[in-house]
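Data block below; observations after.
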Amino acid sequence: MAMIITARGALLPQKAHVLIAGRRLASDTAIKQFQVYRYNPDTPTVKPFVQTYNVNLKQCGPMVLDALIKIKNEQDATLTFRRSCREGICGSCAMNINGQNTLACTCKIDNNINKPEKVYPLPHMYVIKDLVPDLNLFYQQYRSIDPWLKRKDSFKLGEKQFYQTIEERARLDGLYECILCACCSTSCPSYWWNADKYLGPAILLQTYRWLIDSRDHYTKERLERIQDPFSAFRCHTILNCTKACPKSLDPAKAIANIKQLLSGFKKKPDPVPEPQAAGTRV
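Structure below.
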């Protein structure tokens, strides 16, 4: 073991961090292994495998995405993954890290260098390449719920501002913040086995967002569209979705509310009439 000599001549073992006289002396390296899932569709005879990369944490940012970018820039340009905002807003870098669905840009690297970081694509999804899942079905399901405000009045777009009370607006909190990263849906066993029929936690959270919006006039039609044994009722309240959400939302609660609406145990509150003085704007 390497030794260092203090100002008083005492011998101490040299470690990654040694605190002497109030100063921290750090080594230049802290090598951590990253075990990354690899798959290349251009080489169909090669089965998916796990490739190990060594990253010096002393020369890397604190997040898993920082390490992946460093690997791609300095070690292996073929490593493929999605990324964009690096702020936990876009949802592009959703992946499975150490067994948990999360966002690579907000997931901190475990500083224990003796424990490898395991990075895989979102589970139970077709993989396009490496850490890039195929989200076509996911977005088709999102499109199927008509995720926009639908009205039955005669106003054209841009003619009128539709008001909400503070209470009506508050009902959307915990719903509109969803970034469609698919972390929740791909953590749900019911979605794994019935993705062709069950909408999944993310899409149902978005469905409830429009069902409960006081400005939307198509609540009945939206409910009729998912009134079947699979679209919503395939949820078995496992709660993996709520645990996995990187935005700390509660998809399971939204699904429970949808079930109550479908069963007639709960009704959408009537919208508060708009003030008479409300004008129009073009």
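The sequence shown runs 330 to 611 under our numbering.
We put the beta carbon where it would ideally sit given N, CA and C, even for glycine.
Is residue i helix, strand or coil when you go by DSSP?
i    : result
Q429 : strand
V393 : helix
A581 : helix
Q380 : strand
Y527 : coil
K549 : helix
Q589 : helix
A423 : strand
E403 : helix
Y366 : strand
P604 : coil
C449 : Position check: residue 449 holds Tyr in this sequence, whereas Cys was assumed. Three-state DSSP puts Y449 in a strand.
I418 : coil
N443 : coil
K576 : coil
K387 : helix
I360 : strand
Go through its chain and collect everything with a Cβ distance to residue i's Cβ below 7 Å, but skip five positions before and after it.
i    : result
L464 : A511
P575 : G417, T431, L432, T435, C510 and C512
A359 : A345, N385, L386, K387 and I442
F467 : A511 and S514
L504 : L534, Y537, R538 and A583
N383 : I360 and Q362
R472 : none
T609 : Residue placement at T609 cannot be trusted, given a pLDDT of 47 that sits under 50; what the coordinates show is reported in the next sentence. Excluding sequence neighbours, T609 sits near E488 and K489.
R480 : H546
D439 : E446
S413 : C419 and S421
P373 : none
D357 : K387
I508 : I418, C419, G420 and K576
Measure the C-alpha to C-alpha separation of residue i and residue j and round it to an integer number of angstroms.
i    : j    : result
S519 : P598 : 30 Å
N427 : M454 : 17 Å
P602 : K489 : 15 Å
D482 : C564 : 35 Å
K444 : Q589 : 45 Å
N402 : L451 : 23 Å
I541 : L394 : 36 Å
R500 : F491 : 16 Å
I567 : S421 : 25 Å
M424 : F562 : 27 Å
P530 : R498 : 22 Å
R554 : L578 : 24 Å
Q364 : A585 : 38 Å
S543 : K596 : 12 Å
I587 : Y449 : 32 Å
How would you label residue i, buried or exposed, when you count the other beta carbons within 10 angstroms and need 16 or more for buried?
i    : result
P668 : No statement about residue 668 is possible, as the shown extent of the chain runs from 330 to 611 and does not include it.
W522 : exposed
P391 : exposed
V375 : exposed
Q470 : buried
E550 : exposed
L486 : exposed
S560 : buried
D286 : Outside the modelled stretch of the chain, which goes from 330 to 611, sits residue 286, for which no answer is possible.
G593 : exposed
A573 : buried
D525 : exposed
C389 : buried
A406 : exposed
L478 : exposed
T494 : exposed
Quick one: is the Cβ of residue i within less than 7 Å of any heavy atom of the ligand FAD?
i    : result
I360 : The ligand content of the structure shown is nil, which means the ligand FAD is not present either.
Using C-beta distances below 6 Å, list every residue in its chain close to residue i, excluding the 5 sequence neighbours before and after it, in chain order.
i    : result
T409 : K458, D459 and V461
L528 : Q470 and S560
Leaving aside the five residues before and after residue i along the sequence, list all residues of the same chain whose C-beta is less than 8 Å from its C-beta, in chain order.
i    : result
D475 : W539, Y547 and R551
R367 : P377, F378, V379, Q380, L408 and D459
G351 : Confidence in G351 is poor, its pLDDT being 36 and thus under 50, which makes the residue's placement too unreliable to answer from.
K437 : P391, M392 and V393
N369 : V375, T407, K458 and D459
Write down every uninterrupted run of the alpha helix (DSSP H) in the stretch 454-500 whose length is 4 residues or greater and which is fully enclosed by it, in chain order. 465-473 and 495-499
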